[in-house]
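Visitor: Sequence order for the protein chains is A and B.
Our numbering applies: residue 42 is where the first sequence begins, and numbers increase by one.
Our numbering applies: residue 42 is where the second sequence begins, and numbers increase by one.
One structure follows; several queries about it will come next.
Number of protein chains: 2
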Amino acid sequence: MSRAETPRRGSRTSRAGIRDVAAAAGVSITTVSDALNGKGRLPDATRRHVREVADRLGYRPSAAARTLRTGKSGLIGLTVTTYGDEPFTFTEFAYFAEMARAATSAALARGYALVILPATSRHDVWSNVALDGTVVIDPSDHDPVVSELVRQGLPVVSDGRPAGSLPVTAWVDNDHEAAVLGILDHLAAAGARRIGLLTGTSTDTYTNLSTTAYLNWCERVGQDPVYEAYPAHDPCAGAVAADRLLARPDRPDAVYGLFDPNGTDLLAAARRYGLRVPDDLLLVCCSESSVYANTEPPITTLSLKPRRIGTAVVQLLIDAIEGVESDQPVEQVIPTELIVRTSSQRRQARPIVSPPRSPGQG
Amino acid sequence: MSRAETPRRGSRTSRAGIRDVAAAAGVSITTVSDALNGKGRLPDATRRHVREVADRLGYRPSAAARTLRTGKSGLIGLTVTTYGDEPFTFTEFAYFAEMARAATSAALARGYALVILPATSRHDVWSNVALDGTVVIDPSDHDPVVSELVRQGLPVVSDGRPAGSLPVTAWVDNDHEAAVLGILDHLAAAGARRIGLLTGTSTDTYTNLSTTAYLNWCERVGQDPVYEAYPAHDPCAGAVAADRLLARPDRPDAVYGLFDPNGTDLLAAARRYGLRVPDDLLLVCCSESSVYANTEPPITTLSLKPRRIGTAVVQLLIDAIEGVESDQPVEQVIPTELIVRTSSQRRQARPIVSPPRSPGQG
DNA sequence: CGCTGTGTTGCGAGCGCTCCCGTCCCTCTC
DNA sequence: GAGAGGGACGGGAGCGCTCGCAACACAGCG
Chain A
42 MSRAETPRRG SRTSRAGIRD VAAAAGVSIT TVSDALNGKG RLPDATRRHV REVADRLGYR
102 PSAAARTLRT GKSGLIGLTV TTYGDEPFTF TEFAYFAEMA RAATSAALAR GYALVILPAT
162 SRHDVWSNVA LDGTVVIDPS DHDPVVSELV RQGLPVVSDG RPAGSLPVTA WVDNDHEAAV
222 LGILDHLAAA GARRIGLLTG TSTDTYTNLS TTAYLNWCER VGQDPVYEAY PAHDPCAGAV
282 AADRLLARPD RPDAVYGLFD PNGTDLLAAA RRYGLRVPDD LLLVCCSESS VYANTEPPIT
342 TLSLKPRRIG TAVVQLLIDA IEGVESDQPV EQVIPTELIV RTSSQRRQAR PIVSPPRSPG
402 QG
Chain B
42 MSRAETPRRG SRTSRAGIRD VAAAAGVSIT TVSDALNGKG RLPDATRRHV REVADRLGYR
102 PSAAARTLRT GKSGLIGLTV TTYGDEPFTF TEFAYFAEMA RAATSAALAR GYALVILPAT
162 SRHDVWSNVA LDGTVVIDPS DHDPVVSELV RQGLPVVSDG RPAGSLPVTA WVDNDHEAAV
222 LGILDHLAAA GARRIGLLTG TSTDTYTNLS TTAYLNWCER VGQDPVYEAY PAHDPCAGAV
282 AADRLLARPD RPDAVYGLFD PNGTDLLAAA RRYGLRVPDD LLLVCCSESS VYANTEPPIT
342 TLSLKPRRIG TAVVQLLIDA IEGVESDQPV EQVIPTELIV RTSSQRRQAR PIVSPPRSPG
402 QG
């Protein structure tokens, strides 16, 4: 009672605090807090009254104070690994954008928001934001950021299975081997005799697994591997690599490109060499872009289902944040989808119903 | 001295606090704070010592506490308006992704991070995160979120000039009228006699300004407007609208498409009608996508320079957060760039050097 | 009339920092 | 040798909220 009644320093400046609401409603701070958060056992009348006063004053609780007190910020980090000099690609490929969007929606639906953070960054940025957990896209081997986060006891869920022995809480990924094998079989079934691969020089798991799957398949069916690798983060290098691939003496009659822009790259290269698609060259690439539905010809694409992945990743993370700490990593595999278009089908397949030569079955 | 020496409750659990560092370094909490933040006047020896102890203990300052105390969170909201049912497009068009990426980098460089937030959202999500300011992409007329933020005294900078009388702190935009006029002139110079427009049904300023500019231009040069509008958020509607446009009895011999996918849409439609590009139909669309460099033929695009916009928006916002509150809105216009490719040039323009008929010069 | 039960409400102690000051002590000056 | 000056550090009050627990009112019961 001593000086509690005086309206504090600047008083009439800035936004209303919980104190002001309490005073205006004639109740205690605790009651306001309880009323607004649906806690405690207050009669509905009180609750309503407080709520009413609160939004008459335009009261908004201070997120900082709440976070400090409760230890939960409702913030989830979204991290993309750096490519080359650019802070992160994020958009070079529609995949990231789609994934991020789905993740954002999923987080929002559960009351969380996403904070975009670069994987390689000085500590100060990371420690300037109170995170409840982090989503890491495509973590690199022994990622220092991930280790640090885990050390701090924050749950980390990765999109893409972690390389090495990264101690992530959970991960979500596609079955890249199965996807590649499926495509190769698809191409072979369409009549391909020598299937080439356009791949990357980086060492992330996606590239690794896909390339390995290709090599294994080649060995199994007895085909010599025909592939070109290029730094995937360089948009120009793709066109060059596509050109190289089709310029080879052992030119493939079908190509699978691992990266989003490869479709147009390969199409352009094919034109340069006078190759008709799909007649002389079958084409498939991994992409989320809808432009391939309208290219000439439309190109068969493999979708990694970024939306499902983004959603799954966030669900797992929030489960880990809120729920019981499951002791072993949770792993989730999302199926891919092959969207078959003209580029991977021999014209109508009328004349010859069965593929010309099916290389080694099983 | 009563119980200050006891190491607090759980003590050995959780992360080290500033208290632990102080104790371990044999200095006061204040000294630790000052040493770590480069404030106060401490000898370098002390500063080094404290820093060393701090990271021996793996100390990370609590962002929540700092935010609560200082009132600055280092967090900037990034908001996209909702289209249709989808939370927000964000990625439908490469523009948003590019812009968001540039904004992220710019923010990071100044020690801020971006929080992705939907424009239409219940208060609870917004008030759950302590924002220092907000970037709003394409704010709609009388956007309630913007008003609310401004009412709270937060600076708001918009990408796209605010419709109505939205009280934003600053905005960045392209000169859409000039851009459209430039394209129309470009097409006319390439020999177009009847230029069509593929536009949107929504009422955002981009669509509005662009369409109006088109109509004005038509009136000025005495051409009957030929356009089709469709809901831009629907990816399928674009192809249909493109088709409609080319099916018209007064079929245009050149088309400008306002939205990213329009290039492929129009190209596909042209093929359906047996129109050769650019011989029978000149094509330009507004897009940030690089696929148009490799289509058949490559398509001329207008770039809105999302990177520059994203950067500018963030700079203005952070200036507003940190610097002097400038009393009137700051406005910044970013020039567009027309990337001329085959689709908007008559074949080599050799036979006829000057355009067949230049409609009304100035 | 005291005692327990039930239903409401408030006290007060922090969450982990930052920052305004005050204190202490050492050095310099006249 | 005393006072002034200034460099080095620490005390302590919060920032605005949440939450365990205590307090209080009022009923019924023995």
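Cβ atoms here follow ideal geometry from the backbone N, Cα and C, with glycine treated the same way.
In this text, all values refer to a predicted model and were calculated from it rather than measured experimentally.
1) Counting only runs of 3+ residues fully inside the stretch 126-191 of chain A, write out the beta strand (DSSP E) ranges in chain order.
2) Can you tell me whether A81/A is helix, strand or coil according to DSSP?
3) Under three-state DSSP, which class holds E329/A?
4) So who's on the other strand from G118/A, going by DSSP bridges?
5) Tell me the start and end of each unbroken alpha helix (DSSP H) in the stretch 279-341 of chain B that is at least 4 residues and wholly inside, in chain order.
6) Just verifying my parser: in three-state terms, what is the DSSP assignment at Y255/B?
7) Would you tell me roughly how many angstroms separate the C-alpha atoms of W212/B and V186/B, rounded to the nearest one?
8) Identify every residue that forms a DSSP beta bridge with L239/A.
9) How long is the line joining the alpha carbons of V166/B and A86/B, rounded to whole angstroms?
10) Between the stretch 291-299 of chain A and the stretch 229-246 of chain A, do at least 3 Cβ pairs fall closer than 8 Å?
11) For a quick check, are the C-beta atoms of D173/B and S103/B less than 8 Å apart?
12) If we ignore side chains and look at the alpha-carbon of each, how far apart do T72/A and S188/B end up?
13) So what does E372/A bridge to, in DSSP terms?
14) Report yes or no: do three or more beta-carbon pairs, one from the stretch 310-325 of chain B and one from the stretch 173-183 of chain B, lie closer than 8 Å?
15) Tell me which residues of the stretch 292-315 of chain A have at least one Cβ-Cβ distance to chain B shorter than 8 Å, keeping chain order.
16) Since P159/A meets chain B, which of its residues come closer than 9 Å, beta carbon to beta carbon?
17) Beta-carbon of Q193/B versus every beta-carbon of chain A: anything under 8 Å?
18) Could you name the residues that DSSP lists as bridge partners for V198/A?
19) Taking 8 Å as the threshold (beta carbon to beta carbon), is F131/B in contact with chain A?
20) Whole angstroms is fine: what's the gap from V191/A's alpha carbon to P370/A's?
21) For the stretch 197-223 of chain A, list every residue whose C-beta sits within 8 Å of some C-beta in chain B, in sequence order.
22) Evaluate the contact criterion for the stretch 270-282 of chain B versus the stretch 202-211 of chain B: three or more CB pairs, one atom per stretch, below 8 Å.
23) Counting only C-beta atoms, is P276/A closer than 8 Å to chain B at any point?
24) Against P108/B, what residues of chain A qualify as contacts under a CB-to-CB distance less than 7 Å, listed in chain order?
25) How far does the beta strand (DSSP E) with L345/B in it extend, from its first residue to its last?
26) Use the C-beta contact count for K346/A: other C-beta atoms within 10 angstroms, 16 or more gives buried, fewer gives exposed.
27) List the residues of chain B whose Cβ lies closer than 9 Å to the Cβ of L116/A, in chain order.
28) Confirm, please, whether the CB-CB distance from I224/B to T175/B is below 8 Å.
29) Report yes if the C-beta distance between S384/A and L286/A is below 8 Å; otherwise report no.
Guide: Based on what the coordinates show:
1) 154-159, 174-178
2) The identity of residue 81/A in the sequence shown is Gly, whereas the question assumes Ala. Of the three classes helix, strand and coil, the one that applies to G81/A here is coil, per DSSP.
3) coil
4) V156/A, T175/A
5) 303-313
6) helix
7) 16 Å
8) E269/A, G298/A
9) 45 Å
10) yes
11) no
12) 30 Å
13) W212/A
14) no
15) P302, T305, D306, L308, A309, R312
16) T145, S146, L149
17) yes
18) V176/A, A211/A
19) Unreliable placement is indicated for F131/B, whose pLDDT of 47 sits below 50; no coordinate value is reported for it.
20) 13 Å
21) none
22) no
23) yes
24) One detail in the question is off: residue 108/B reads as Thr in this sequence, not Pro. Result: A105.
25) Taken as a continuous stretch (DSSP letters only), L345/B belongs to no beta strand (DSSP E), as it is neither H nor E.
26) buried
27) L116, V156, N169, V170
28) no
29) no
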